[in-house]
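Quick note, the sequences are listed as chains A and B, same order. Counting in our numbering, the first sequence runs from 1 upward without gaps. Counting in our numbering, the second sequence runs from 1 upward without gaps. Heads up, the beta-carbon is just placed ideally off N, CA and C, and yes, glycines get one too. Here the structure is a predicted model, which is why all the values come from computation and not from measurement.
Number of protein chains: 2
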Amino acid sequence: MQEDAPRPWRDTGDLPDPPWRAERRPSSRVPLTRQAIVDAALRVMDSEGVDRLSMRRLGEELGVGAASIYWHVRNKDELLQLVFERIMEEAELPPPDPSRWQEQLGEFAGQMRAIFSRHRDAARISLGRAPTGPVIAVFTEWLFSLLRPAGIPDQVIAYLGDLIGLYVGAFAFEESLRAGSPGLQDPPPGEFLDMVKDYLRSLPEDRFPHTRQAADFLFAGGRDDRYAFGIDLMIRGLKTFADQPPR
Amino acid sequence: MQEDAPRPWRDTGDLPDPPWRAERRPSSRVPLTRQAIVDAALRVMDSEGVDRLSMRRLGEELGVGAASIYWHVRNKDELLQLVFERIMEEAELPPPDPSRWQEQLGEFAGQMRAIFSRHRDAARISLGRAPTGPVIAVFTEWLFSLLRPAGIPDQVIAYLGDLIGLYVGAFAFEESLRAGSPGLQDPPPGEFLDMVKDYLRSLPEDRFPHTRQAADFLFAGGRDDRYAFGIDLMIRGLKTFADQPPR
DNA sequence: CGTGTTGTCAAACACTGTTCGAGTTCTAGA
DNA sequence: TCTAGAACTCGAACAGTGTTTGACAACACG
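Set out below in structure tokens:
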């Protein structure tokens, strides 16, 4: 714990961009910059959804032709990567306190979830992506300084970072899929669930004794509970690593 | 039909048409059914990838116009749901043996992974989908009869089913994203990883002491190891539920 | 002044999922 | 056997998509 360094964890402003993502031309001031493009893209995505975020729509938002964007950005995928990293920067990591690693890990997961629900379709662009900019360095450092003193092996921490990202992203992805296509299933969601539940209860008792009884459990609990369960299960698993005899 | 009446000259029913006047629809073609459509879709998806599975391509595979498919299937999404359930049916569950629940759970996860790697892009259509047919009943029953005797609470089992599906799907999803877009990143994957690793090592030592040391761990291990880690972590977490005092 | 570099953009390309209306083939009933 | 309607097919069209190209303008520097 450094007491005199007030630098927040998320402040990455003075870190250099990695070489593979330097701006093609660091010109001084121009109306159209990567910064402005990413801003606009995020704006469109948050207000109209990622499905409506086309290069033409983005050009319109910027008062510019669609083709112009391609001078600043290699292709749409690179643009989405930039938007993704911008979003990840919103995470505010508290100073790591290893004695409270379980709570802090839970809070971190909660914060990730909050970010994804703040930006409606962020999850749709998150899967298969990992931050490659300064953000990944900050996250990694935070995770290691939280879990290493807790006695968790390095390799486990490393894998865990991936795993949490995957879980958080996938969970939010599913959510945004369901929300994003209203009226896709004919019956409204609740009614549909009831139909499935009835189906499960109507199964032959001799071959599906457990399922009939467990139908209620299957559909119990809200999204938040399910999310928390996944995180909790991971933390419980992690604890078994921490409790390991030293060495 | 009169069998003994002299056949009129114009009755050529049993003669084959000359090639220049062949029937537009050769009788050899299978009739268009949902079954056949799903088969063809899976065939195209496995051999050319889901990106190339367009309605036009599918029509071509079936020797049929794209529009015809819409008579049998509401839209592409419904078609993909059918393909997904077909794939899920490939899982073969061993008779549950609660005394070996940890191994069997691991084997189940392995089998899911095998299915997803057998069908290259299956994961791309799996997220946000759950089987709604008989498959879900079989899976549920298997899981409960495996874990209930092990002392794991019903609600935990119920959530776990979801969680495993999410994890397996998401993991395979990421994999197929990476494999599906070759040459999307300019440097080949390995080289790109090296660049990231170098970047992490070049960070200022005072602010990123752990990250610099842990760079190797971050990129160590293959996909299989990472997958197994996630499953292992879940099982470890589950065990803490099983070891719970009986009430 | 000329000569590049930086930046913009309309038009075009090759796609996509889906709809429509017209046309065909099949089938059951009178 | 004849016929009305259901079952089924399909070319053309629609409104989109990401991306490329080549022409054109603004600006910098020697």
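Just so you know, the alpha carbons of threonine 211 (chain B) and phenylalanine 144 (chain A) end up roughly 7 angstroms apart.
Three or more beta-carbon pairs drawn from the region 32-40 of chain A and the region 60-80 of chain A are found closer than 8 angstroms, and the two stretches are therefore classed as touching. Assignment of arginine 212 (chain B) by DSSP, reduced to helix, strand and coil, places it in the helix class. Two segments are said to touch when three or more pairs of C-beta atoms, one from each, lie closer than 8 angstroms; by this definition the region 198-211 of chain A does not touch the region 130-150 of chain A. Leucine 58 (chain B): member of the alpha helix (DSSP H) spanning 55-62, first to last residue. Distance from the CA atom of arginine 223 (chain A) to the CA atom of tyrosine 199 (chain A), rounded to whole angstroms, is 22 angstroms. Distance between phenylalanine 116 (chain B) and alanine 91 (chain A), taken at the CA atoms: about 33 angstroms. Contacts with chain B (Cβ-Cβ distance below 7 angstroms) from the region 137-149 of chain A involve Ala137, Thr140, Glu141, Phe144, Ser145 and Arg148, listed in chain order. In the structure shown, the three-state DSSP call for glycine 221 (chain A) is coil. Contact between the region 43-58 of chain B and the region 126-145 of chain B is not established, with fewer than three Cβ pairs separated by less than 8 angstroms. Legend: CB atoms of the region 74-96 of chain A lying less than 9 angstroms from CB atoms of chain B belong to residues Arg74, Asn75 and Asp77. The region 221-235 of chain A makes contact with the region 234-242 of chain B; the number of CB pairs closer than 8 angstroms reaches 3 or more. A Cβ-Cβ contact shorter than 9 angstroms links proline 94 (chain B) with glutamate 107 (chain B). Interface annotation, threonine 240 (chain B): in contact with chain A, CB-CB separation under 9 angstroms. Arginine 113 (chain B) places its beta carbon 9 angstroms or farther from that of alanine 170 (chain B). With its beta carbon less than 9 angstroms from one in chain A, glutamate 174 (chain B) belongs to the interface. The residue from A:Leu160, A:Glu89, A:Ser54 and A:Arg120 with its alpha-carbon nearest to that of aspartate 77 (chain A) is A:Ser54.
Taking 9 angstroms as the threshold, the shortest C-beta distance from methionine 234 (chain A) to chain B falls below it. Residues of chain B with a Cβ closer than 9 angstroms to the Cβ of aspartate 162 (chain A) are, in chain order, Leu218, Arg226, Phe229 and Gly230. Counted as a single uninterrupted DSSP element, the alpha helix (DSSP H) harbouring alanine 137 (chain B) occupies residues 134-147. For glutamine 213 (chain B), the closest Cβ of chain A is nearer than 9 angstroms. Of the candidates A:Gln111, A:Ala215, A:Asp154 and A:Asp194, A:Gln111 places its Cα closest to the Cα of glycine 165 (chain A). Membership of serine 47 (chain A) in the alpha helix (DSSP H) is indicated by the continuous run 34-48. Taking 9 angstroms as the CB threshold, proline 31 (chain B) stays off the interface with chain A. A Cβ of chain A is located within less than 9 angstroms of the beta carbon of isoleucine 157 (chain B).
If you look at histidine 72 (chain B), you'll find it in the alpha helix (DSSP H) that goes 66-72. DSSP places glycine 106 (chain A) in the uninterrupted alpha helix (DSSP H) bounded by 101-118. Shown in chain order are the members of the region 114-136 of chain A whose Cβ falls below 7 angstroms from a Cβ of chain B: Leu127, Gly128 and Thr132. Closest by C-alpha distance to proline 134 (chain A), out of B:Leu32, B:Gly221, B:Met45 and B:Val196, is B:Val196.
Around the C-beta of phenylalanine 219 (chain A), fewer than 16 other C-beta atoms lie within 10 Å, and the residue is accordingly described as exposed.
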